[in-house]
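> Residue numbers (this note's numbering), protein chains in the order written: chain X, -13 to 97; chain E, 4 to 116. The C-beta atom is built at its ideal place from N, Cα and C for all residues, glycine as well. Please find one structure pasted underneath; my questions will follow.
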């Protein structure tokens, strides 16, 4: 049973526009959420995180929004750049030193 | 970047053979993890360690064992490899004070024929 879901396998966005990646979860015990970025043949790299006590966290061009009532989080990238082309994973934790990952969304930024 | 290396980076083996993957860290982090990445499944936790000789199972632990005899090394063993274990394996580490934020190694691509 997939507790963290990224329903869009891929997303294509024009350079300079906003990229919005979505993630849904089912476990109401999740209290910390993260986004990772992965380039081919490399390990995932941590991008940004948010605690369940917040509804927004910003870091430069990246903003994560959390809607607890809808069990939904999203990652906004503004403006999108060619180097943002990668696979993005959302992840969630409920303590116990474990992360649960979504399936990933492949983002392509077109010039 | 966190100091994490994985060896080997690529391996091809035959069904039924034992395989050991190594993860080495230079960050002195307490927690270490093994994941596998497969299309349509994202990253799934195999086993993790919260200290030397302290390990626990993850979501997909069947067919895998682990050992951690030193803080810096975490070994993943496939006792008898099967084709279903063909995957990309990632090691990750995290610190006690911020264990949620995990840092990943470069991965090992394993093919079981």
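What are the complete beta strand (DSSP E) segments, minimum 3 residues, inside the region 15 to 84 of chain E?
Within the region 15 to 84 of chain E, the complete beta strand (DSSP E) runs of at least 3 residues are 22 to 28, 34 to 41, 45 to 54, 57 to 60, 67 to 73 and 76 to 81.
> Rounded to whole angstroms, what is the Cα-Cα separation between residue 75 of chain E and residue 7 of chain E?
Roughly 9 Å separates the two Cα atoms.
> What are the boundary residues of the beta strand (DSSP E) that includes residue 44 of chain X?
Segment 42 to 45, the beta strand (DSSP E) holding residue 44 of chain X.
> Which class does residue 87 of chain E belong to by DSSP, given the choice of helix, strand or coil?
Of the three classes helix, strand and coil, the one that applies to residue 87 of chain E here is helix, per DSSP.
> Could one say the Cβ of residue 67 of chain E lies closer than 9 Å to chain X's Cβ atoms, at least one of them?
With 9 Å as the cut-off, residue 67 of chain E does not count as an interface residue toward chain X.
> Is residue 21 of chain E closer than 9 Å to residue 113 of chain E when the C-beta atoms are compared?
Contact: no.
> Pick helix, strand or coil for residue 60 of chain X, following the three-state DSSP scheme.
In this structure, residue 60 of chain X counts as strand in the three-state DSSP scheme.
> Just the Cα atoms here: how many angstroms apart are residue 27 of chain E and residue 77 of chain E?
The straight-line gap from Cα to Cα measures roughly 7 Å.
> Can you tell me whether DSSP reads residue 101 of chain E as helix, strand or coil?
If DSSP states are grouped into helix, strand and coil, residue 101 of chain E belongs with the helices.
> Leaving out the 5 sequence neighbours to the left and right, which residues in its chain are closer than 7 Å to residue 33 of chain E when beta-carbon positions are compared?
If we look at residue 33 of chain E and ignore the five residues flanking it on each side, its Cβ neighbours are 53, 54, 98 and 99.
> Measure from the alpha carbon of residue 92 of chain X to the alpha carbon of each residue in X/83, X/60, X/41 and X/7, then state which is nearest.
When each option's Cα is compared against that of residue 92 of chain X, the closest is X/7.
> For the region 91 to 110 of chain E, enumerate the residues whose C-beta is nearer than 7 Å to any C-beta of chain X, in chain order.
Listed by position along the chain: 93, 102, 103, 104, 105, 106, 107, 108, 109 and 110.
> When you check each C-beta in the region 42 to 71 of chain E against every C-beta of chain X, which residues fall closer than 9 Å?
Result list: 42, 43, 44, 45, 46, 47, 48, 51, 53, 59, 61 and 62.
> Round the Cβ separation of residue 19 of chain X and residue 104 of chain E to the nearest angstrom and send it over; I've been treating them as touching at under 8 Å.
Actually they are not in contact, since the Cβ atoms of residue 19 of chain X and residue 104 of chain E sit about 11 Å apart, beyond 8 Å.
> Exposed or buried, residue 13 of chain E, counting other C-beta atoms within 10 Å across all chains shown (16 or more means buried)?
Its Cβ having fewer than 16 others within 10 Å, residue 13 of chain E is exposed.
> If distances are taken between C-alpha atoms only, which option among X/57, X/56, X/58 and X/62 comes closest to residue 50 of chain X?
Checked all of X/57, X/56, X/58 and X/62; the closest Cα to residue 50 of chain X is X/62.
> Among X/80, X/16, X/76 and X/94, which residue has its Cα nearest to the Cα of residue 45 of chain E?
Of the listed residues, the one whose Cα sits closest to residue 45 of chain E is X/76.
> Helix, strand or coil, according to DSSP, for residue 17 of chain X in the structure here?
In the structure shown, residue 17 of chain X sits in coil (DSSP, three-state: anything other than H, G, I, E or B).
> What does the alpha-carbon distance come out to for the pair residue 16 of chain E and residue -10 of chain X?
Computed Cα separation, rounded: 32 Å.
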